[in-house]
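Enquirer: The structure's right below; bear with me while I get my questions together.
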Amino acid sequence: SRGFGFVSFARHEDAAAALEDEQFFAGRPVDLKPAVNKNTLDKYPELAGQRKFAPPLGHSDGATLVKLFVGGLPKSVTAEILQSHFGAYGEVHAAVVM
């Protein structure tokens with residue numbers, strides 16, 4: 004594990020709810036923020052470093068905004084653990100640990 008991962012939610016509201024709470028894995032806080040791909044960031048630089056979940060922007064790559072970046076994960080965290088943890092907030096489409 005490289006210590007980070009991504010979680011994709013089915014609904015914007017569920018991702019927003021996850022962002023409202025401080026998240027912990029193995030007793031350590033993790034860095035949770037919206038995942039924004041480089042193409043979207045080039046078009047919408049105001050999203051850089053944003054910690055709150057923006058409402059859907061109404062553009063074609065808005066779907067990427069239900070994906071969250073999870074940084075600072077302990078090496079023991081697997082995709083299954085990530086999916087189970089964030090499943091408490093709603094339907095998780097995918098969870099990946101890098």
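Using my numbering, the first residue of the sequence shown is number 4, and each one after it goes up by one. Cβ atoms here follow ideal geometry from the backbone N, Cα and C, with glycine treated the same way. Note that the structure is a prediction, hence the values are computed from the model and not measured.
Taking C-alpha atoms, which residue in Gly6, His15 and Leu22 lies nearest to alanine 29?
Expert: Gly6
Enquirer: Kindly indicate which three-state DSSP category glutamate 22 falls into: helix, strand or coil?
Expert: Checking the sequence, you will find leucine at residue 22 rather than glutamate. The answer is helix: DSSP assigns leucine 22 an H, G or I state.
Enquirer: Drop a sphere of 10 angstroms on the beta-carbon of aspartate 34, count the other beta-carbons inside from all chains shown, and report buried for 16 or more, exposed for fewer.
Expert: Aspartate 34 should be labelled exposed.
Enquirer: Within 10 Å of its beta-carbon, does proline 37 have 16 or more other beta-carbons around it, so buried, or fewer, so exposed?
Expert: buried
Enquirer: In chain order, what residues of the same chain have a beta carbon less than 6 Å from the beta carbon of glycine 75, not counting five sequence neighbours either side?
Expert: Answer for glycine 75: Val33 and Asp34, listed in chain order.
Enquirer: Specify the secondary structure class of glycine 74 as computed by DSSP and reduced to three states.
Expert: strand
Enquirer: So, using beta-carbon positions, are valine 69 and valine 100 closer together than 8 Å?
Expert: no
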